[in-house]
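Sequential numbering of the sequence shown, starting at 1, is according to the UniProt record's numbering.
Beta carbons: idealized from backbone N, C-alpha and C, even for Gly.
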Amino acid sequence: MKLFWIVLPVILIIGALIGGVFIYRAGTIKTETVQEEQSPIPAPTENAQISPAPELKRADLKLQIQNGRGVVGVAAEAQQFLEGLGYTDIEIGNAGSYNYEKTEISIKKDKKNYFDLLREDLSKKYLPLEKAEILDIESEFDAIVIIGKE
């Protein structure tokens, strides 16, 4: 039994030393960083044609308009306004609360090129737009507009 109490601390000390060495080595291992070589960007030639930006079609955007004011008919009014501008796939509903001070837009990342168009269209009637957020890619809608009090 006396031998057990002598061997046990020796084993614990050896284990602690080996563990400490592994921890020390893991902390000092250097990771290699790979630098990409930058290739020079060719200067445009005179014959190069600039391709026009794709035309954005309002009808290609699936919208949901939410009433963030709490006034009956606000979302339907916004729907009629946007349909008059060429948006065709619009659903309406109520926001989670009715205390939105300003109009907000949330849009999917893959439809972000529509943001400026939608903001410009909405600014004709609903000023100012407070903020924009990215919608989850799995959202049913491409953009959600919450109509605020202003």
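- In this chain, residue 101 is not harboured by any alpha helix (DSSP H), its DSSP state being neither H nor E.
- Assigned with DSSP and collapsed to three states, residue 139 falls in coil, not helix or strand.
- Between the region 109-117 and the region 64-78 there are fewer than three inter-stretch CB-CB distances shorter than 8 Å, so the stretches are not counted as touching.
- If you draw a straight line from the Cα of residue 95 to the Cα of residue 55, it is about 31 Å long.
- Look at residue 93 here: in three-state DSSP terms it is strand.
- Residue range 115-123 is occupied by the alpha helix (DSSP H) that includes residue 118.
- Note on geometry: alpha-carbon atoms of residue 150 and residue 60 lie some 28 Å from one another.
- Beta-bridge annotation (DSSP): residue 62 is paired with 89.
- Contact check for residue 109 and residue 139: beta-carbon distance about 11 Å, past the 8 Å limit, so the pair fails to qualify.
- By the C-beta density criterion, residue 76 is exposed, having fewer than 16 other C-beta atoms within 10 angstroms.
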